[in-house]
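Okay, so here's the structure we're looking at.
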Amino acid sequence: MKKIITLILGLVIISQAFSQEKFHDFVVKDIDGNSFALSQLKGKKVLVVNVASKCGYTPQYEALQALYEKYKDQNFVIIGFPANNFLKQEPGTNEEIKSFCSLNYGVTFPIMSKISVKGDDMHPLYQWLTEKALNGVEDSKVKWNFQKYLIDENGNLVKYFSPSTKPDDEAIVAWIEGRS
1377 MKKIITLILG
1387 LVIISQAFSQ
1397 EKFHDFVVKD
1407 IDGNSFALSQ
1417 LKGKKVLVVN
1427 VASKCGYTPQ
1437 YEALQALYEK
1447 YKDQNFVIIG
1457 FPANNFLKQE
1467 PGTNEEIKSF
1477 CSLNYGVTFP
1487 IMSKISVKGD
1497 DMHPLYQWLT
1507 EKALNGVEDS
1517 KVKWNFQKYL
1527 IDENGNLVKY
1537 FSPSTKPDDE
1547 AIVAWIEGRS
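Under our numbering, the residues of the sequence shown are numbered 1377 to 1556, in order.
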């Protein structure tokens, strides 16, 4: 009986390993409500960041846009996910968020529809980003707005950075440039 249970557990673990989702398996909604298949980003390095319009870190939009402008032609993209999880610092509608990003920071990198990045209603992509059992790398908690996740060209989580880490931090730039 013990051998049978061990065999069954082994098969379950193996099947989970082969069915593990990758970043590119997700489809999200862009800021206009259209489906956005992350599979279209295969072959690109991706910086995923949860954003908010009324946060002390909101000025990071400027550095994010500059980083995007500098590296967008080198198989790099930034994707912003507005979230209202921290002190209601992203209260606007998708239309208001889009306008805010464009008018105040000239954002041209993709912004998605507002989601939840923690709690019972956490978006499945953020479940994947924050759970080692799903991403195969490490557990994390989204601590605040502007937490950054690095995804490699194959859709694997590489690392995450705290909200206080600036978008142009040397570790992030070195990763984009392939120096780390």
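We put the beta carbon where it would ideally sit given N, CA and C, even for glycine.
Please work out which residues of its chain come closer than 6 Å, Cβ to Cβ, to residue i, disregarding the five sequence neighbours upstream and downstream, and give them in chain order.
| i | result |
| --- | --- |
| Phe1505 | Note that residue 1505 is Leu in the sequence shown here, rather than Phe. So the qualifying residues of the chain are Tyr1525. |
| Tyr1502 | Val1493 |
| Leu1443 | Pro1543 and Asp1544 |
| Asn1511 | Trp1504 and Leu1533 |
| Ser1556 | Ala1550 |
From the DSSP output, in three-state form, read off residue i for me.
| i | result |
| --- | --- |
| Gly1454 | Looking at the sequence provided, one finds Ile at residue 1454 rather than Gly. Of the three classes helix, strand and coil, the one that applies to Ile1454 here is strand, per DSSP. |
| Tyr1437 | helix |
| Ala1428 | coil |
| Ile1389 | Below a pLDDT of 50, predicted positions are generally treated as unreliable, and Ile1389, at 49, falls in that range; the measurement from the model is reported next regardless. Three-state result, Ile1389: helix. |
| Phe1399 | helix |
| Ser1538 | coil |
| Lys1474 | helix |
For residue i, which residues of its own chain have a beta-carbon under 8 Å away from its beta-carbon, when the five flanking residues on both sides are left out?
| i | result |
| --- | --- |
| Lys1448 | Phe1485 |
| Trp1551 | Lys1421, Leu1526, Val1534 and Lys1535 |
| Met1488 | Val1404, Lys1405, Asp1406, Ile1407, Phe1412, Ile1455, Gly1456, Phe1457 and Pro1458 |
Do residue i and residue j have their C-beta atoms closer together than 8 Å?
| i | j | result |
| --- | --- | --- |
| Asn1470 | Gly1419 | no |
| Asn1461 | Gly1482 | no |
| Val1424 | Leu1440 | no |
| Gly1531 | Lys1430 | no |
| Asn1362 | Val1427 | Because the chain is modelled from 1377 through 1556, residue 1362 falls outside the range shown and cannot be assessed. |
| Lys1519 | Ser1538 | yes |
With a CB to CB cut of under 7 Å and the five nearest residues on each side skipped, what residues in its chain are close to residue i?
| i | result |
| --- | --- |
| Glu1507 | Asp1515 |
| Glu1546 | none |
| Glu1438 | Tyr1481 |
Contact between the segment 1401 to 1418 and the segment 1478 to 1485 is defined here as three or more beta-carbon pairs at a separation below 8 Å; is this criterion met? Between the segment 1401 to 1418 and the segment 1478 to 1485 there are fewer than three C-beta pairs closer than 8 Å, too few to call the two in contact.
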